[in-house]
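Under this note's numbering, the first residue of the first sequence is numbered 22, with each subsequent residue one higher. Written out below as structure tokens is the structure these notes cover.
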Amino acid sequence: MPELPEVETVRISLNEHLLKCKISKVRINVKNLRFPVPNNLEKSLEGKVFEKINRRGKYLLINFKQDLSLLVHLGMTGVFKINNSYSPEKHDHIVIELKEKFLIYNDVRRFGFFKVYKKNLVMQSPHLKKLGPEPLDIGFNELILKKKMMNKTQNIKHFLMDQKNIAGLGNIYCSEILFDSKISPLRLVNDMKKSEIKKIVKSIKKILTKAIELGGTSLSDYKTPSGKLGYFKNELKVYGMENKNCFFCKKRSKIKKLVQQGRSTFFCMKCQK
DNA sequence: AGGGCTACCTGTACGC
DNA sequence: TGCGTACAGGTAGCCC
């Protein structure tokens with residue numbers, strides 16, 4: 022499910038609902054997520070009070086008033102649900118009880134994970150340490166990307182997908198970003214012109230910002246913690262659009278699908294050079 | 001050191 | 001209807 026816009030939407034929603042709430046009880050139904058749920062998670066969380074929730078790339082950093090940060094990755098199908106009462110559903114792995122509220126972690130494929138850190142150590146976690154820059158930071162620009170591209174021979178789609186280069190882009194938004202910047206996903210990074218890199222940076226910011234405004238993209242699993250869908254689905258121009266007329270050149274060309282590094286890429290051969 | 005590929009898991013869609 | 005297969009928003013950890 023979740024790339025940067027979805028995780029950011031979840032972050033905003035959790036912040037709205039959980040700030041200052043105190044955890045009364047934690048129940049773990051399934052221990053084997055991507056990594057084992059920390060042994061003492063129930064004990065670590067009970068009695069804790071939610072503070073500001075942050076995001077880095079596709080990771081959530083859930084902070085507590087006490088000296089504790091919960092690092093959460095949603096994998097492919099991880100969702101949080103916030104309800105006033107609890108009625109069990111399939112794949113509810115972690116149920117966190119608050120005063121008159123339940124926070125539930127549900128994850129069909131179990132690729133998500135939870136890890137517990139002391140506040141000052143969470144940024145040192147191996148997951149976060151290797152992440153590239155935040156694409157929506159003001160300081161993120163073509164010079165930073167260009168530097169990362171030096172001496173690399175990969176195609177641009179693969180490059181954008183690598184979290185070491187930029188944090189937060191995934192399979193949907195990489196196709197959409199390259200379509201928006203009219204750059205072919207097959208282009209190799211070492212022969213990209215500065216003007217093209219600039220276009221890509223502009224498209225990254227534009228697409229991600231718009232997607233956050235619309236609450237992310239709901240394909241099958243993804244919903245916000247309060248159960249809302251993400252409406253960027255209606256803005257997708259190429260992802261999942263194989264054989265459809267191209268949004269830009271209309272009937273002159275159809276969207277093609279190809280597989281790069283084992284992942285589907287969608288693009289227009291006429292518009293993207 | 002750096003890159004490429006696979007495994008992890010369940011659900012769904014599709015062809016036969 | 002049922003079975004087999006391919007594919008799905010991600011990434012750690014293996015191998016080369």
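Where is the CB? At the ideal position from N, CA and C, for every residue including glycine.
At least 8 Å separates the beta-carbon of P246 from that of L62. Of the residues assessed, T286 falls on the buried side of the cut-off, its CB having 16 or more other CB atoms within 10 angstroms. Boundaries of the alpha helix (DSSP H) harbouring L66: 62-66, taken from the DSSP string. Within a 10 Å sphere around the beta-carbon of M182 sit 16 or more other beta-carbons, which makes this residue buried.
Under the 10 Å beta carbon count, N127 is surrounded by 16 or more other beta carbons and is classified as buried. Membership of S146 in any alpha helix (DSSP H) is not indicated, and neither H nor E is assigned to it by DSSP.
A residue is called buried once 16 or more other Cβ atoms fall within 10 Å of its Cβ, and V280, having fewer, is exposed.
With a threshold of 16 other beta carbon atoms within 10 Å, F200 meets it and is buried. Judged by DSSP secondary structure, R48 falls within the beta strand (DSSP E) whose first and last residues are 44-49. Between L119 and S45 a beta carbon distance of about 6 Å is seen, short of the 8 Å cut, so the two are scored as contacting. Only buried fits N186, as 16 or more other CB atoms lie within 10 angstroms of its CB.
With respect to K122, C42 sits close: the two C-beta atoms are nearer than 8 Å.
For V280, DSSP records a beta bridge to S285. If the five residues before and after V137 are omitted, its C-beta is found closer than 7 Å to the C-beta atoms of P59, L62, S65, L89, L91, all from its own chain and listed in chain order. Annotated as proximal: T238 and E27, with beta-carbon spacing under 8 Å. Around the beta-carbon of K220, 16 or more other beta-carbon atoms lie within 10 Å, marking it buried.
About 4 Å separates the beta carbon of S224 from that of S202, a gap short enough to meet the 8 Å contact definition. K231 sits in a helix when the DSSP states are folded into three classes. Here the C-alpha atom of K173 lies approximately 34 Å from the C-alpha atom of V31.
Sequence-distant partners of Q293 (beyond 5 residues in either direction) whose C-beta falls short of 8 Å from its own C-beta, in its chain, are L199, F200, K203, I204, S205, P206.
The shortest CA-to-CA distance from E37 to any of P23, F71, M213, G99 is the one to F71.
With a cutoff of 8 Å on beta-carbon distance, L81 and I103 are scored as not near each other.
A distance below 6 Å between beta-carbons, with the five flanking residues on each side excluded, links G191 to the following residues of its chain, in chain order: E24. Nearest in C-alpha terms to G68, of all of H112, N50, I117, V100, is I117. Taken in chain order, the complete beta strand (DSSP E) segments of 3 or more residues contained in the segment 67-92 are 71-77, 80-85. Taken through DSSP and simplified to helix, strand or coil, F135 comes out as strand. Cβ neighbours of N50 within its own chain (closer than 8 Å, five residues either side excluded): D113, H114, I115, V116.
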